[in-house]
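Colleague: Next up is a structure, given as structure tokens.
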Amino acid sequence: MAALRIAFEAPDTPGSSSLSGKKPIDFAHLAAQTMGDKALEIEVLQLFARQARKVMKEITDGDVNGRAQAAHQLKGAALAVGAVDVAAAAGAIEQRPTDAALPDVLAESVLEAELFILKLCR
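Structure representation (structure tokens):
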């Protein structure tokens, strides 16, 4: 159990927050979803990171309709774990799937969340 506590303390280092100054994962929301089970939180976050990477590929490679559907899927997964920046970027793609600039914004927020999750899992 101590290893999990240490892992959750690691992201408090400088540079672990987003450009807006907030963490990429809302831990209060995640704790509510997992009933405070730290091991489950890590498992859920790791699953989210894998799913986000897969869905990013679908968004990049898909047609307009597929891109919107993949973005909707990612938005739901992001909201479930408290990754609000990812959810917002995915929601923007869902609403405007032809906007060529939005996948870059989404990729940046996914990468930020993935790096944060990796720090948690050390």
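Numbering (the UniProt record's numbering), first residue to last: 1 to 122. Cβ coordinates follow ideal geometry from the N, Cα and C atoms, glycine included.
#1: Excluding the 5 residues flanking Asp-99 on each side, which residues of the same chain have their C-beta closer than 8 Å to its C-beta?
#2: Do Leu-30 and Gly-82 have their C-beta atoms within less than 8 Å of each other?
#3: Residues in the same chain with beta-carbon distance under 7 Å from Arg-67, minus the five sequence neighbours each way, listed in chain order, please.
#4: Within the continuous alpha helix (DSSP H) that includes Lys-75, where are the two ends?
#5: Would you kindly check if the distance between the Cβ of Ser-109 and the Cβ of Ala-89 is under 8 Å?
#6: Roughly how many whole angstroms lie between the Cα atoms of Leu-40 and Ala-32?
#7: Compute the Euclidean distance between the alpha carbons of Ala-77 and Phe-48, then round it to the nearest angstrom.
#8: If Val-86 and Ala-52 are in contact, beta carbons under 8 Å, what's the gap, nearest whole angstrom?
#9: Measure the CB-CB distance between Val-55 and Gln-73 and report whether it falls below 8 Å.
#10: Please classify Ala-71 as buried or exposed, where buried requires at least 16 neighbouring CB atoms within 10 angstroms.
Modeller: So, to answer that:
#1: Ala-92, Ile-93
#2: For Leu-30 and Gly-82, yes; Cβs fall inside 8 Å.
#3: Ile-59, Ile-93, Pro-97
#4: 64–81
#5: yes
#6: 12 Å
#7: 7 Å
#8: 7 Å
#9: yes
#10: buried
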